[in-house]
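Chemist: This is the structure I have questions about; it appears just below.
Chains as they are written, first to last, in my numbering: chain A, 4 to 195; chain B, 128 to 303.
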């Protein structure tokens with residue numbers, strides 16, 4: 004996708020800029036944006052590393068297991084077809100907890116494991132099962148307790164209140180997740 | 128109401144950091160070693176992001192300095208007015224489901240140019256925090272088990288994305 008968009012952006016901008024006599028502006032703009040990218044990355048190094056470090060501590064405690072127990076009723080509601088498949092349910096809740104804690108690197112391998120377990124029970128091996136669909140939709144909804152990367156970037160950009168977005172993010176995420184789950188449940192019933 | 132939400136938001140981070148460290152100490156986790164492991168991952172994330180950041184900043188810098196972005200924004204303003212989304216956010220809304228690092232780069236660019244704490248900046252942050260790279264997520268989880276027929280998963284996931292983006296806009300407007 005970006006292999007098409009990126010050159011289009013660059014070529015169109017340069018042609019448009021040259022027609023409107025902005026050769027100097029595009030020349031400066033180009034090199035300014037490069038040094039911006041480098042400067043920002045240096046500040047990102049600090050803030051993003053801090054969050055990954057804190058979350059790694061969290062991963063090593065029993066907090067993960069405790070939260071897994073808390074999720075059980077939700078999992079049973081979302082995945083009625085996995086009633087007897089305890090392994091799949093366990094792996095799904097681990098994946099959800101990793102997502103909630105913002106541990107993207109840990110969430111993906113756990114999720115892949117859950118998909119493999121669900122595939123064993125899948126009658127049509129080349130088609131997504133209902134449970135798999137629900138699982139993927141939940142993963143695209145990005146349910147997160149603290150949006151650490153966004154906060155890190157806001158801090159780097161000298162925000163006066165970098166964490167002011169936490170509450171809005173919670174509300175928006177929940178709305179997105181509910182819409183996704185609702186859609187999936189309806190489509191599972193209506194479309195066979 | 129707004130003050131309470133702001134205060135909770137502000138206290139959340141330090142409180143969570145302290146709680147996690149205390150919890151780690153209680154369970155005799157080597158907290159500093161664990162922190163270092165995680166921080167190392169963080170550095171890797173930034174280095175992996177850097178080439179995309181440079182590439183996208185170059186393209187977005189050109190779009191802006193040539194003036195073409197104002198032209199496009201004027202074109203789509205009627206549509207974005209209808210949805211009450213600031214038109215500066217449209218490039219982010221389009222890129223968000225497609226590429227994680229590219230949309231992050233665009234988000235950084237928007238916040239740098241229109242302000243982190245402005246309404247546009249807040250909506251940008253909220254969208255980044257509440258949505259995922261939908262195409263990538265679907266690709267990873269279907270390819271790992273060799274599934275080709277994805278039924279209507281994309282429809283449901285994109286519906287959730289649009290809902291998240293509209294919700295982000297509405298919530299930030301109410302709170303700001």
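Ideal Cβ positions, reconstructed from N, Cα and C, are used throughout, including at glycine.
Note that this is a predicted model, so its numbers are computed, not measured.
Can you have a look at residue 19 (chain A) and say buried or exposed, based on whether 16 or more other CB atoms are within 10 angstroms of its CB?
Modeler: Classification for residue 19 (chain A): buried.
Chemist: Does the distance from the CB of residue 283 (chain B) to the CB of residue 183 (chain A) come in under 8 Å?
Modeler: In this structure, residue 183 (chain A) lies closer than 8 Å to residue 283 (chain B) by Cβ.
Chemist: Rounding to the nearest angstrom, what Cα-Cα distance links residue 155 (chain A) and residue 164 (chain A) in this structure?
Modeler: About 11 Å.
Chemist: Going by the DSSP bridge assignment, what does residue 276 (chain B) pair with across the sheet?
Modeler: Residue 276 (chain B) is bridged to A:130.
Chemist: Tell me the start and end of each unbroken alpha helix (DSSP H) in the region 196-247 of chain B that is at least 4 residues and wholly inside, in chain order.
Modeler: Whole alpha helix (DSSP H) segments, 4+ residues: 217-222, 227-241.
Chemist: Within 10 Å of its beta-carbon, does residue 106 (chain A) have 16 or more other beta-carbons around it, so buried, or fewer, so exposed?
Modeler: Buried is the call here.
Chemist: Kindly indicate which three-state DSSP category residue 19 (chain A) falls into: helix, strand or coil?
Modeler: Helix, per DSSP.
Chemist: Is residue 264 (chain B) near residue 139 (chain A), with beta carbons less than 8 Å apart?
Modeler: Their beta carbons are under 8 Å apart, which means residue 264 (chain B) touches residue 139 (chain A) by this criterion.
Chemist: Provide the residue span of the alpha helix (DSSP H) that contains residue 93 (chain A), from first to last.
Modeler: First-last of the alpha helix (DSSP H) with residue 93 (chain A): 89-103.
Chemist: Among A:135, A:62, A:37, which residue has its Cα nearest to the Cα of residue 165 (chain B)?
Modeler: Cα-wise, what sits closest to residue 165 (chain B) is A:62.
Chemist: Could you check what DSSP says for residue 158 (chain A) in three-state terms: helix, strand or coil?
Modeler: If DSSP states are grouped into helix, strand and coil, residue 158 (chain A) belongs with the helices.
Chemist: When you check each C-beta in the region 73-85 of chain A against every C-beta of chain B, which residues fall closer than 7 Å?
Modeler: Answer in chain order: no residues at all.
Chemist: For residue 307 (chain B), go through chain A and note every residue whose CB falls closer than 7 Å to its CB, in chain order.
Modeler: The displayed coordinates of chain B run from 128 to 303. Any statement about residue 307 (chain B) would go beyond what the structure contains.
Chemist: Among B:252, B:232, B:269, which residue has its Cα nearest to the Cα of residue 296 (chain B)?
Modeler: Closest option to residue 296 (chain B), Cα to Cα, is B:252.
Chemist: When you compare the CB positions of residue 7 (chain A) and residue 16 (chain A), do they come within less than 8 Å of one another, or not?
Modeler: Their beta carbons are not under 8 Å apart, which means residue 7 (chain A) does not touch residue 16 (chain A) by this criterion.
Chemist: Quick check: the Cα distance between residue 287 (chain B) and residue 210 (chain B), rounded to an integer number of angstroms?
Modeler: So the alpha carbons of these two residues sit roughly 16 Å apart.
Chemist: Is it the case that the CB of residue 204 (chain B) approaches a heavy atom of the ligand ZN more closely than 7 Å?
Modeler: Within the structure as shown, the ligand ZN is missing, as the structure has no ligands at all.
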